[in-house]
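Colleague: Residue numbers for the sequence shown follow full-length UniProt numbering, beginning at 1 and rising by one.
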Amino acid sequence: MTITALSTASGVSTKSISDFENGKKEPAPETLRRLGHVLGVPLEHFARPGIEEVPVASVSFRAPSKMTARNRDMALTVSGHAIELRAWIDSHYDTPPADVPTLHKFTGAPDASAAAEILRAKWGLGQAPLGNMIHLLELHGVAVFSAKADKGEMDAFSFRDSGTPYVLLSTKKSAERGRFDAAHELGHLVLHAESVKPSGVEAEREADSFASAFLMPEADVRAQVRLNPSLDEILRKKKRWNVSAMALAYRLHDLGLLSDWLYHTTCVNLSRMGYRSGEPNGINRESSRLLTQVVNDLWNRPGGFEQLCNDLAVSAEDVNDLIFKLAPVGLRGSAQSSPPLRPNLRVVAG
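1. Can you find the residues in the same chain that come closer than 8 Å, C-beta to C-beta, to residue 312, ignoring five residues on each side of it along the sequence?
2. If you pair each beta-carbon of the stretch 221-232 with each one of the stretch 184-191, do three or more pairs fall below 8 Å?
3. Roughly how many angstroms lie between the CA atoms of residue 127 and residue 282, to the nearest whole one?
4. With DSSP as the reference, label residue 93 as helix, strand or coil.
5. Given that a residue counts as buried once 16 or more other Cβ atoms are within 10 Å of its Cβ, and exposed if not, what is residue 339?
6. Can you tell me whether DSSP reads residue 29 as helix, strand or coil?
7. Less than 7 Å between C-beta atoms, sequence neighbours within five positions excluded: which residues of the same chain meet that for residue 231?
8. Looking only at its own chain, which residues have a Cβ that is under 6 Å from the Cβ of residue 10, when we skip the five neighbours before and after it?
9. Residue 141 and residue 101: beta carbons closer than 8 Å?
10. Give me the Cα-Cα distance between residue 304 and residue 294, rounded to the nearest whole angstrom.
11. Can you tell me whether residue 166 is helix, strand or coil according to DSSP?
12. Rounding to the nearest angstrom, what Cα-Cα distance links residue 28 and residue 14 in this structure?
13. Between 276, 242, 92 and 91, which has its C-alpha nearest residue 285's C-alpha?
14. Beta-carbon separation of residue 17 and residue 32 under 8 Å?
15. Taking residue 160 as part of the beta strand (DSSP E), name the residues at either end of that continuous run.
16. Run through the stretch 200-263 for me and flag every whole alpha helix (DSSP H) of 4 or more residues, listed as ranges in chain order.
17. CA-CA distance, residue 213 and residue 262?
18. Could you spell out the range, first to last residue, of the alpha helix (DSSP H) harbouring residue 143?
19. Are the stretch 156-176 and the stretch 114-129 touching by the rule of at least three beta carbon pairs closer than 8 Å?
20. CA-CA distance, residue 327 and residue 144?
21. Do you know whose CA, among 276, 138 and 323, lies nearest residue 173's CA?
22. Which term fits residue 178, buried or exposed, when burial requires 16 or more other beta carbons within 10 angstroms of its beta carbon?
23. Quick check on DSSP: helix, strand or coil for residue 13?
24. How many Å lie between residue 317 and residue 146 at the Cα?
25. I need the straight-line Cα distance from residue 363 to residue 91, nearest angstrom please.
26. Any idea what DSSP makes of residue 180, helix, strand or coil?
27. Report buried or exposed for residue 238, applying the criterion of at least 16 other Cβ atoms within 10 angstroms of its Cβ.
28. Tell me whether residue 324 sits in a helix, a strand or coil according to DSSP, three-state version.
29. Please name the residue or residues paired with residue 305 in a DSSP beta bridge.
30. Tell me the rounded alpha-carbon separation between residue 158 and residue 205.
31. Rounded to the nearest angstrom, what separates residue 79 and residue 138 at their Cα positions?
32. Once the 5 residues before and after residue 273 are set aside, which same chain residues still bring their CB inside 8 Å of it?
33. By Cβ distance, which residues of its chain are closer than 8 Å to residue 68, with the 5 residues on each side in sequence left out?
34. Looking only at its chain, what residues have a beta carbon closer than 8 Å to the beta carbon of residue 248, apart from the 5 residues adjacent to it on each side?
35. Within a Cβ cutoff of 6 Å, which residues of the same chain sit near residue 3, ignoring the five residues on either side of it in sequence?
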């Protein structure tokens, strides 16, 4: 929410709000109550120290030069909330340990593809198509959350903090593009985690090459698709790997299974059919199994979800924005504390 919007909704002047933020002025208790009501946060929120943001240099942003300063700052703030939420989850539940290696020596498109094959082997995935990408990342200790910008949705991004890999995904893209984003950010974690600056044109190309090879392994693609397939065949085959038609066309061209001319023609035809801006008749959007289990557990305990929000001193809406909107609308539950539990969350592949 912008300062102007907060001012309009709360009746507190923009200058006063700015002074409160900069520590120039102390708000009266009644003013805090009004601001808290509009923001949907408890009064404890204002007494907490500021969230320590993730350093900009450690976050992999898509096209950072095109990213607005507001969305960049929002992404860093969201990252801080994600770290705190993950810490809360880890303190209440048993979650899988991080198992994402760094293969930073495998840079360049061919080497990025090789890194994807190495990770598939390490994780015992073979050459078969992958199931739910979010489930797979969570199984290997990646903290996966959804990210919402102040205006619209921000693109996917990733980072590591205290040994834990984080991936934050947009929920506005098609399910197929969401899967590619998850694999792309996994590529950044594997290839660029030790880089001083994990963003940039070359880093994006490498992450794309990793994602393409990770989702569509060469051996399986060559076994399933003949040389220079028709557009109809591409539309059928994309369902095997649950990728976008454009992503499969690119992979086929990259592997030499689609000629330059036919690749160009295929892309033009796919664009005319609406496949550049979306994915007609696409698959269902993937979500988090781990977060679903957490929400279900909290929902079955009196005041469980409210306890989470109070412990973090953030609004239910802000938490819901991070957890793929998994919490039911119209959150119920009292403010009473629930008994300390540590259920064993078992995340399985699939």
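Note that CB positions come from ideal geometry on N, CA and C, so glycine has one too.
Modeller: So, from the data block:
1. 81, 84, 85, 88 and 319
2. No: fewer than three Cβ pairs fall under 8 Å.
3. 23 Å
4. In the three-state reduction of the DSSP assignment, residue 93 falls in the coil class.
5. Confidence is the limiting factor: at residue 339 the pLDDT is only 37, short of 50, which leaves the residue's position unreliable, though a coordinate-based value still follows. So residue 339 ends up on the exposed side.
6. helix
7. 266 and 269
8. 34, 35 and 38
9. Their beta carbons are not under 8 Å apart, which means residue 141 does not touch residue 101 by this criterion.
10. 10 Å
11. Strand at residue 166.
12. 15 Å
13. 242
14. no
15. 157-161
16. 201-215, 218-224, 231-241 and 245-254
17. 21 Å
18. It is not in any alpha helix (DSSP H) - residue 143 instead sits in the beta strand (DSSP E) that spans 143-146.
19. Contact between the stretch 156-176 and the stretch 114-129 is absent, because fewer than three Cβ pairs lie under 8 Å.
20. 16 Å
21. 276
22. Counting Cβ neighbours within 10 Å, residue 178 comes out buried, since at least 16 surround it.
23. coil
24. 13 Å
25. Here the chain has residues from 1 to 350 only, and residue 363 is not among them.
26. helix
27. Residue 238 is buried by the Cβ-count criterion.
28. coil
29. Under DSSP, residue 305 takes part in no beta bridge, so it has no partner.
30. 16 Å
31. When rounded, the distance between both Cα atoms is 17 Å.
32. By the criterion of a C-beta distance shorter than 8 Å, residue 273 is surrounded in its chain by 280, once the five residues flanking it on both sides are discounted.
33. none
34. So the list reads 216, 234, 237, 238 and 241, once near-sequence residues are dropped.
35. 14 and 17
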